[in-house]
Amino acid sequence: MQSILAVDDSASMRQMVAFTLKAAGFNVVEAADGQEGLDKARGQNVNLVLTDQNMPRMDGLSLVRNLRGLPEYKHVPILILTTESSDAMKAQGKAAGATGWLVKPFDPNRLVDVVRKVIG
Amino acid sequence: MQTNASENAREAAQVWANACHAQLSEAECDMHRLETLITQTAQTLSASFQTIEQRWKDRKAEGEMLVDEEVGRAVTALQFHDLATQLLGHARKRIAVAEEGLKKLTVLPLHGTAADWGAPPDLAAPVGHANLETGTVELF
């Protein structure tokens, strides 16, 4: 079973993401901020990371940069799922090494389609 | 004579500043109450959703489940808590900036220097949504 790391400081968002992805047959590992996400990513074999941007301790862009610095996460797809929708923020995400930018709220079936597409 | 007039004007400005400060404080309290209500509602909905999720899971084999249209709509709608909380948090920051500005306006013209003013922070809104329609997807 493919494993997805879902990082968001909102418990309700994590619940909705986990519900959607588990229903589609994925294993979901949850983290409440970027630092916890980075710690959990280090110890697990993760096929995709789905992260929020605005979080305490470590934001999504910093998490992307940190993960891209790890050899095992150089090619793992990383999607940012956030309320931020400005072109400037998206450009920062792309520069940091994110695979895609999804604006909340997400449609569950669309999220599953995107996840399947980038996991390959 | 002129001193009296400027003192009267200063007192009037102070009355307005106090009124603004009181209104901003009340607005902050209102927002705190609203956040509590939203959080409680979200917790109730979340608990109900977990029950529904479990019952739904029991009916369908794992990996074969599709997110039904109605459940999908619920998943989208239940994301309101995150959006609302972020908006409230941001509105609080705006109130704090307004309060600080108000304080400077009533004190600094008499005692401060230009350097004391500093620049007001530029607060870019993290949530621009006017409704709960689903967001965009962009792959790089």
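Listed in order, the protein sequences are those of chains A and B. FYI, in my numbering the residues of the first sequence are 1 to 120. FYI, in my numbering the residues of the second sequence are 1001 to 1140. Backbone N, C-alpha and C define an ideal beta-carbon position, used for all residues, glycine too. Quick caveat: nothing in here was measured; it's all calculated off a predicted structure.
(request) Kindly list, in the order they appear in chain A, the residues whose Cβ is closer than 7 Å to that of E1053 of chain B. (result) F19
(message) Give me the chain B residues within the contact set of A6 of chain A, using Cβ-Cβ distance strictly less than 8 Å, ordered along the chain.
(response) Per Cβ cutoff of 8 Å: no residues; A6 of chain A is ~13 Å from chain B at best.
(message) Between B:F1080, B:A1098, B:S1006 and B:A1019, which has its C-alpha nearest T1041 of chain B's C-alpha?
(response) B:F1080
(request) Give me the Cβ distance between G60 of chain A and G34 of chain A, rounded to the nearest whole Å; I'm assuming they're in contact under 8 Å. (result) 6 Å
(message) Please list the terminal residues of the continuous alpha helix (DSSP H) segment that includes E84 of chain A.
(response) Where E84 of chain A is concerned, there is no enclosing alpha helix (DSSP H), given that its DSSP letter is neither H nor E.
(message) Quick check: the stretch 37 to 57 of chain A against the stretch 1 to 16 of chain A, are at least 3 beta-carbon pairs closer than 8 Å?
(response) Touching, yes.
(request) Identify the continuous alpha helix (DSSP H) that holds E36 of chain A and give its terminal residues. (result) G34 to R42
(request) At 8 Å on the CB atoms, spell out the chain A contacts of V1097 of chain B, in chain order. (result) Ordered by position in chain A, no residue passes the 8 Å Cβ test against V1097 of chain B, which lies about 18 Å from the chain.
(message) On the CB-based measure, 16 or more other CB atoms within 10 Å of its CB, does A23 of chain A come out buried or exposed?
(response) buried
(request) Say yes only if the C-beta of E1028 of chain B is nearer than 7 Å to one or more non-hydrogen atoms of the ligand PLP, and no if none qualify. (result) Judged by which ligands are present, the structure shown has none, so any question about the ligand PLP falls away.
(message) Less than 8 Å between the beta carbons of L1102 of chain B and A1017 of chain B, yes or no?
(response) Cβ distance < 8 Å, so L1102 of chain B and A1017 of chain B count as in contact.
(request) Spell out a yes or no on whether the stretch 1024 to 1040 of chain B and the stretch 69 to 89 of chain A are touching, meaning 3 or more CB-CB pairs, one atom from each, closer than 8 Å. (result) no
(message) Closer than 9 Å between beta carbons: that is the criterion. Which residues of the stretch 1030 to 1056 of chain B meet it against chain A?
(response) When C-beta distances to chain A are compared with 9 Å, the residues of the stretch 1030 to 1056 of chain B below that value are A1042, Q1043, L1045, S1046, F1049, Q1050, E1053 and W1056, in chain order.
(request) Whole angstroms is fine: what's the gap from S197 of chain A's alpha carbon to A96 of chain A's? (result) The requested residue 197 of chain A does not occur in the structure, where chain A is confined to residues 1 to 120.
(request) Kindly say whether L102 of chain A, judged by its beta-carbon, lies nearer than 8 Å to any beta-carbon of chain B. (result) yes
(request) Would you check if the distance between the CB atom of N54 of chain A and the CB atom of T82 of chain A is smaller than 8 Å? (result) yes
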